[in-house]
Structures are given as C-alpha cells and as structure tokens.
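Position one of the sequence shown corresponds to residue 6 (our numbering), numbered consecutively onward.
Ideal placement from N, C-alpha and C gives every residue a C-beta, glycine not left out.
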Amino acid sequence: MPKIILVGGGSASGKTYVTESVIKNLDSSRITHLSLDDYYKDQSNISMEERMKVNYDHPKAFDWKLMESQLIDLKNGKSIEKPIYDFTQHNRSGKFETIVPKDLVVCEGIMALVNKKIRALSDLNIFVNASRERRFLRRIERDQKARGRSFDSIVTQFFSTVRPMFEEVVGPTSNYADVIVNNDDEQKNLSIKVLTAVFKSLLEEIDRENSTKN
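Structure (structure tokens):
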C-alpha cells in the first residue's frame, strides 16, 4: 500500500523545490508528486473579476472532498484523474493528468497540513520553513517569472492575504509536522539531505513489508 507524505509550509518557502530535489536523489519511478494548487476549487461559475477577489490563501479556496477521495484512491492502488490548475485564469484549466499510485505519494502545498481528514490519510507530515523576508522575495521573483503577475499585485496580495493567513492558519500547522526543516538559502542543502534520508527510510520500510509478504 502506498504511503502518503504531506509537505506544508508558507508560500514560497521552497516546498516544491525541496520536494523535487529529494525525488531526484531517489528512485523517482517509485514516487508520485502532487501539488495542492491543482485542488483549488472549480470557479467556472464566476467571472474573472470575482475570481481575482478570492482569498487563495484561505482553506475555503480548496476542494478538500476531491483531494480526500483522490488520495484514498491512490492509497488503495487506484489511478486518478487530477485536475490541472491555470494560475493565469484563476481556475482549473479543464485538462486532467492521469496519476498512477506509486510507493510514495507526496502532496505539497501551503495548506497540506490544514485539513484533519487529509492528515488522517498521511503517513508522514513535513513542514518546510523559511524566514518571512526570504519567502516574500522568492514570491515576487516566482510570480513575476512563472505567473506573469505585476509587482504591485504581488506585494498587495502578500500583505493583504498571504502574510495574515500564514500567521493565522499555515504557520500553526507546523504543530502537526513529524519533521520540520528550515529552507533559507544557506540551509536548503541540509534540508534536502535530511528529507532524502527520511524518504529513503520509508522506501526501505516498504521494501521490508513487501519482502515479508513474499
């Protein structure tokens, strides 16, 4: 049975970078990587103007029922059709990606550790931390390059929703973490090294479980 790993942390704390780096250090054919971003709610029923007013840093922005059902399917060895989110449209793209279950299913995103039902499915909870200043600068760089957003819109969103929601909702979820790593630039290599060892131990545990069955 696949093991579920949840990777949470503040926006631009480096969750995706760390996760992808760890996977590259291991046998990637045994690891499925999901982004919680793809589980933002379908907003086809509202206008672009209304979508731009949504607080995407609030738990209510996510489709938790879909995420829960798809994680259960993966844990039970079933493939899923995961929606693909389009940040330029603030909505699902209408396209889907077929995800097959592998030994480790890693789901990362700012709200990964928020929902109690999702945590109940998890075998390991990880929180990626970084200083507020570092997260702010990374977010500006990322959103300008990858998401085509203006500097003013990024700054406005950070101080109106991102920072308050981190302090109120995201930051406290570190209390649910089995492992907390610091991903400020000078410490990111250590974070990757630590998590590589953690993931490797889980894969070895799965190998032992499989060998006893045989």
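Could you name the residues of the same chain whose beta carbon sits closer than 6 Å to that of K8, not counting the 5 residues immediately before and after it, in chain order?
Position 3 of the sequence shown, counted from the start, is the residue given in the question as residue 8. Within the same chain, K8 has close Cβ partners L109, D128 and L207.
Do Y90 and Y226 have their beta-carbon atoms positioned less than 8 Å apart in this structure?
What the structure shows of the chain is the stretch from 6 to 219, and residue 226 is not part of that stretch, so it cannot be assessed.
Coarse secondary structure for V111, derived from DSSP in three states:
Along the sequence shown, read from residue 1 onward, the residue named residue 111 stands at position 106. Strand.
Spatial neighbours of R35 within its chain, please: CB distance less than 7 Å, with the 5 preceding and 5 following residues excluded, ordered by chain position.
Start at 1 with the first residue of the sequence shown, and residue 35 comes out as number 30. Hits under 7 Å: K107, D108, L109 and L208.
Under 7 Å: does the beta carbon of L208 sit that close to some heavy atom of the ligand FMN?
With respect to the ligand FMN, the structure offers nothing, as it holds no ligand at all.
Express the C-alpha separation of Q94 and Q149 in angstroms, rounding to a whole number.
Within the sequence shown, numbered from 1, the residue matching residue 149 stands at position 144. Within the sequence shown, numbered from 1, the residue matching residue 94 stands at position 89. About 15 Å.
Considering only C-alpha positions, which residue in the set V186, G19 and E73 is nearest to S196?
In the sequence shown, counting from the first residue as 1, residue 196 sits at position 191. Checking every option, the nearest Cα to that of S196 belongs to V186.
Please list, in chain order, all residues of the same chain as F141 whose beta carbon is under 7 Å from its beta carbon, the five residues on each side excluded.
One-based indexing of the sequence shown puts residue 141 at position 136. Closer than 7 Å at the Cβ level, and outside the excluded window around F141, lie F163.
How close, in whole Å, do the beta carbons of N120 and W69 come, if the pair is a contact with beta carbons under 8 Å?
In the sequence shown, counting from the first residue as 1, residue 120 sits at position 115. In the sequence shown, counting from the first residue as 1, residue 69 sits at position 64. That pair is a contact at about 5 Å.
Beta-carbon spacing of T24, V105 below 8 Å:
In the sequence shown, counting from the first residue as 1, residue 24 sits at position 19. In the sequence shown, counting from the first residue as 1, residue 105 sits at position 100. V105 is positioned such that its CB atom lies no closer than 8 Å to that of T24.
How would you label N188, buried or exposed, when you count the other beta carbons within 10 angstroms and need 16 or more for buried?
Your numbering for residue 188 matches position 183 in the sequence shown. The residue is buried, with at least 16 neighbouring Cβ atoms inside 10 Å.
Between which residues of its own chain and K205 is the CB-CB distance below 8 Å, once the five residues before and five after are set aside?
Walking along the sequence shown from the start, residue 205 turns up at place 200. If we look at K205 and ignore the five residues flanking it on each side, its Cβ neighbours are L31.
Is the CB-CB distance between E113 and S40 below 8 Å?
Taking the sequence shown and counting its residues from 1, the one referred to as residue 113 is at position 108. Taking the sequence shown and counting its residues from 1, the one referred to as residue 40 is at position 35. Their beta carbons are under 8 Å apart, which means E113 touches S40 by this criterion.
Closest by C-alpha distance to V1, when choosing among P177, R213, S165 and T201:
The requested residue 1 is not part of the displayed model; the chain covers only 6 to 219.
Separation of T21 from S158, as counted between CA atoms:
As a position in the sequence shown, residue 158 is number 153, starting the count at 1. As a position in the sequence shown, residue 21 is number 16, starting the count at 1. Their Cα atoms are separated by approximately 22 Å.
So is G153 buried or exposed if we call it buried at 16+ other beta carbons inside 10 Å?
Taking the first residue of the sequence shown as 1, we reach residue 153 at position 148. Exposed, since its Cβ has fewer than 16 Cβ neighbours within 10 Å.
So, helix, strand or coil for Y181, using DSSP?
The count along the sequence shown starts at 1 and reaches residue 181 at position 176. For Y181, the secondary structure class from DSSP, reduced to helix, strand or coil, is helix.
Mapping the DSSP letters down to three states, classify K46 as helix, strand or coil.
Indexing the sequence shown from 1 puts residue 46 at position 41. Correct three-state label for K46: coil.
Can you tell me the Cα-Cα spacing of E173 and K83, whole angstroms?
Here residue 173 refers to the residue found at position 168 when the sequence shown is read from its first residue. Here residue 83 refers to the residue found at position 78 when the sequence shown is read from its first residue. Each residue's alpha carbon lies about 35 Å from the other.
Which word fits A117, buried or exposed, when buried means at least 16 other C-beta atoms lie within 10 angstroms of its C-beta?
Sequence index remark: in the sequence shown, residue 117 carries index 112 (1-based). Classification of A117: buried, given that the 10 Å Cβ count is 16 or more.
What are the start and end residues of each continuous beta strand (DSSP E) run of 3 or more residues lying completely inside the segment 52–127, in chain order?
85–91, 96–104 and 109–113
Could you pull the start and end residues of the beta strand (DSSP E) that E12 belongs to?
Numbered from 1 along the sequence shown, position 7 holds the residue referred to as residue 12. In the sequence as presented, Glu is not what sits at residue 12; that position holds Val. First-last of the beta strand (DSSP E) with V12: K8 to G14.
Reduced DSSP category for S196 - H, G, I as helix; E, B as strand; rest coil:
Along the sequence shown, one-based indexing puts residue 196 at 191. In this structure, S196 counts as helix in the three-state DSSP scheme.
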